[in-house]
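One line per chain: the protein sequences are A and B, in this order.
Residue 156 in numbering that gives the first Met the number 0 sits at position 157 of the first sequence; the count goes up by one each step and never skips.
Residue 176 in numbering that gives the first Met the number 0 sits at position 177 of the second sequence; the count goes up by one each step and never skips.
All residues carry an ideal CB built from backbone N, CA and C; glycine is no exception.
What you are looking at is a predicted structure, and each value in this text was computed from that prediction instead of being measured.
The next block holds one structure in the form of structure tokens; read it before the comments.
2 protein chains.
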Amino acid sequence: MPINLTEPTELLPVPGIRLAAVEAGIRYKSRRDLVLMEACADASVAAVFTRNAFCAAPVIVAREHLAVGGARYLLINSGNANAGTGERGLADARASCAHVAEVMGCRAEQVLPFSTGVIGELLPVPRIREALPGLAAGLGADRWMGAMRAIMTTDTVGKGISRRITLSRGTVTLTGIAKGSGMIRPDMATMLAFLASDVAMSGAELQEMLGSAVKGSFNCITVDGDTSTNDACVLVATGASGVRPAGDEDRRRFAAALQAVCDYLAQAIVRDGEGATKFITLEVSGARTPAEARQVADAVAHSPLVKTALFASDPNWGRILAAVGRAGVPDLDVSRVRMEIGDVLIVEGGGRAARYTEEAGKRVMAQSEIPIHIHLGRGSAEARVYTCDFSFDYVRINAEYRS
Amino acid sequence: MPINLTEPTELLPVPGIRLAAVEAGIRYKSRRDLVLMEACADASVAAVFTRNAFCAAPVIVAREHLAVGGARYLLINSGNANAGTGERGLADARASCAHVAEVMGCRAEQVLPFSTGVIGELLPVPRIREALPGLAAGLGADRWMGAMRAIMTTDTVGKGISRRITLSRGTVTLTGIAKGSGMIRPDMATMLAFLASDVAMSGAELQEMLGSAVKGSFNCITVDGDTSTNDACVLVATGASGVRPAGDEDRRRFAAALQAVCDYLAQAIVRDGEGATKFITLEVSGARTPAEARQVADAVAHSPLVKTALFASDPNWGRILAAVGRAGVPDLDVSRVRMEIGDVLIVEGGGRAARYTEEAGKRVMAQSEIPIHIHLGRGSAEARVYTCDFSFDYVRINAEYRS
């Protein structure tokens, strides 16, 4: 059960964008698993991808095609990641793009491929090819909900959000969808998020804005510490509204909305983390550098002992301190470390706070949303990471995923 | 159930060492939880401790007392780690040593305290004090088995081993015991291992030999990536045999036996890892530096996705590749990466090996001992790490540990 997260009831169409989703039978039965997203001519496209060295074939091909410019189509399949598939995987990703180009009457370089699902199996390209005419025929502006559901793998709910943004020359729409609930520790991007707006913006501007929004959102979540091979986050600006940001205030407004949408989607991924029962906001402050703060946050967020204690609603703060202590911070003066869980001061002076009671700890740990604040007392840098607990269901899901 | 590990049926006494174990009622009911180990006068004592910045009070006090020299007594309790207990914890550890000194007629600095168990609770010093006369009265040379069992926490079997080592001037005995099955990622030492020999050796020689043995054994295991606050490994040389190593060949022989004993105990900790069902030997070769090889080994060994796939006996090698890819190796050429699980070549050229079959993968993954070899193809450095899988029982044990 996702934590305080429900599927959106509607997603706003974005002028200049059409989508379709069909059942291609790639891996799952009786569900849609193939999406085509079309942007109007002259749309700007920005994207960030995984930094996993074993990045998937579609990531390599999408990067190549983006560099050529003029992208018009996003082809997205679930059920098969086309990762760890070597030269054959690259050829399959390129062939899929060529088939789309043939059906839609564009160049193959105008198609960006995306895949998510099991690693190491060959992509069934013939099934994709057979499904393409149906996809092309089904394209419509109001198909975001179907696309959102078709890109799910172990997700238990679809994740999507829409915003209207009022700029000085008019109003634009921003809609985004994302999937992912395991192998989540994004590094430059996350497991498949697609955003589009009818704002008018150059590719370079868009790329800079997306990079900044991803840094504070998708790159600050972790479910299990495992960076995926297929992470990708794409932002399309169709320009169909004719509204171009006029000056810094407009750019700030659009960037803020984009950040809010990315924050929502990133946190939605954690709320639907595999087996998750608790949503944890982990803040580390008082560090010497942001990297040091993040290092401590990551050590805590990835500790299986911390995560199983969170699952048990057990205020076993000693495990959190142990993770802070092993995070590799040079010359950490533990007597300056302070920790609060929610509104309860738990640690000060490197040990249990004088007024802490086990009852107060239990009360705050019983909540479904748990904010943890660790103050290192050695500087003014900080970091924030969103994560979840580690439950029986995480093991069940990941022990059964391929069976 | 530990993996191919049974409790020793006997442990050899070490001349110059006496031990006792009693029920002090520190946390557990109806089991022995307090050990006193006495070394004869003039014994040499070497030790390595955790590098966790939040090291426990007994670690701080034991380091101080070791620096003074002349250590004669090791006081070890299970059930309470005396960690995260601030100034009060330090005072409690010192008081425990003072009580031993009073009963045994030595200086408090000649007592080294060790604790293992739950973090963040105060040590019940009065119970320890009450138990001391009984401990003193019970000291005997043949009490290693009782001591081995008394230091257990979530361990399911006691871990111990004895060796006789023939040196040119006579034969010496080496006996060691260890505990630990969770919060295991030793960094300079592991969760409580005590070794003793009647060999005659200086403290400096002993310390060098222990440091080297620990590096290749306890520092190469990981259960959950969480370095403990209480890790300690102690080696006592009583000299009671009168046998001093004569020359390099003798030193080499003793060092080899010490390495073998440390290897056995370190691997025993992983075989009895919390919830473990598989014992994994992870070899990374072809790296540019040993640190790089270790970095890749750690990324794989700590991946929850890899560990749950191992639990499921699922040859989901894509998860292993993904962990290698996110390990942070600069400019990794994935086309040079090769991977074998047991005798099955699974990956070559960065993708599935041509002759690999799912059946072969399933066969090798069904074994209880799984060797994984990852060759990076970019140098000649290597690393080896021992780890275990991640099961329902790991979550159960760590969600229930304090309840």
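query	result
B/Ile16 and B/Asn76 - do their beta-carbons sit closer together than 7 Å?	no
How many angstroms separate the CA atom of A/Asp392 from the CA atom of B/Arg142?	43 Å
Is the segment 200 to 218 of chain B close to the segment 279 to 294 of chain B, with three or more CB pairs under 8 Å?	no
Exposed or buried, what is B/Ala382 when buried is set at 16 or more other beta-carbons lying within 10 Å of its beta-carbon?	buried
Would you kindly work out how many angstroms separate the C-alpha atoms of B/Glu399 and A/Leu309, rounded to a whole number?	11 Å
Between the segment 318 to 329 of chain B and the segment 224 to 241 of chain A, do three or more beta carbon pairs fall short of 8 Å?	yes
Using the beta-carbon count (16 or more within 10 Å), is B/Arg184 buried or exposed?	buried
Going straight from the alpha carbon of A/Thr280 to that of A/Asp271, what length do you get?	15 Å
Give the secondary structure of A/Glu381 by DSSP, where H, G and I count as helix, E and B as strand, and everything else as coil.	strand
Would you grab the beta carbon distance between A/Ala212 and A/Asp32 for me? Rounded to a whole angstrom, and I think it's under 8 Å.	With a Cβ gap of about 28 Å, A/Ala212 and A/Asp32 do not count as contacting.
With 16 as the cutoff for other CB atoms within 10 Å, does B/Met0 come out buried or exposed?	exposed
Could you tell me which chain B residues have their CB closer than 8 Å to the CB of A/Ser302, listed as they occur along the chain?	Asp223, Gly224 and Asp225
Does the beta carbon of B/Arg325 sit closer than 7 Å to a beta carbon anywhere in chain A?	yes
How is the beta strand (DSSP E) around A/Glu339 delimited, first residue to last?	Arg337 to Ile340
Please check if any C-beta of chain B sits within less than 7 Å of the C-beta of A/Asn51.	yes
Which two residues bound the contiguous alpha helix (DSSP H) that contains B/Cys261?	Gly246 to Arg270
For A/Arg118, which of helix, strand or coil comes out of DSSP?	The sequence given here has Ile at residue 118 of chain A, not Arg. Residue state, collapsed to three classes: coil.
If we count the other Cβ atoms within 10 Å of its Cβ and call it buried at 16 or more, is B/Pro12 buried or exposed?	buried
With 7 Å as the threshold, decide whether the Cβ of A/Val260 is near any Cβ in chain B.	no
Quick one: Cα of B/Gly119 to Cα of B/Gly78, how far?	12 Å
State yes or no: is the C-beta of B/Phe217 within less than 7 Å of the C-beta of B/Ala265?	yes
Look at B/Ala20 and B/Ala146 and say whether their C-beta atoms are less than 7 Å apart.	yes
From A/Leu4 to A/Thr155, what distance separates their C-alpha atoms?	10 Å
Find out if the Cβ-Cβ distance for the pair A/Val260, A/Gly175 is shorter than 7 Å.	yes
Any beta-carbon of chain A closer than 7 Å to the one on B/Leu375?	no
Would you report the Cα separation of B/Asp388 and A/Asn81, rounded to the nearest angstrom?	26 Å
Considering A/Cys54, what are the terminal residues of the beta strand (DSSP E) in which it resides?	No beta strand (DSSP E) holds A/Cys54; DSSP gives it neither H nor E.
Just to confirm, are B/Glu273 and B/Gly181 a CB contact at a threshold of 7 Å?	yes
For B/Asn81, would you say it is in contact with chain A, using Cβ-to-Cβ distances shorter than 7 Å as the test?	no
What does A/Glu399 reach in chain B if we use C-beta pairs closer than 8 Å?	Ala311
B/Lys306: buried (16+ other C-beta within 10 angstroms of its C-beta) or exposed?	buried
Applying the criterion that 16 or more other CB atoms from any shown protein chain within 10 Å of the CB defines a buried residue, is A/Lys277 buried or exposed?	buried
For the 8 Å Cβ check, are there 3 or more pairs between the segment 367 to 385 of chain A and the segment 238 to 250 of chain A?	no
Among residues of its own chain, excluding the 5 on either side of B/Ser171, which ones have a beta-carbon nearer than 8 Å to its beta-carbon?	For the record, residue 171 of chain B in the displayed sequence is Val; it is not Ser. Around B/Val171: Arg163, Ile164, Ser196, Asp197, Val198, Ser240, Val242 and Phe253.
So, under 8 Å CB-CB, A/Leu74 and A/Val99 are touching, yes? Tell me the CB distance rounded to an integer number of Å.	5 Å
Using only CA atoms, which one of B/Asp262, B/Gly68 and B/Lys28 lies nearest to B/Asp41?	B/Gly68
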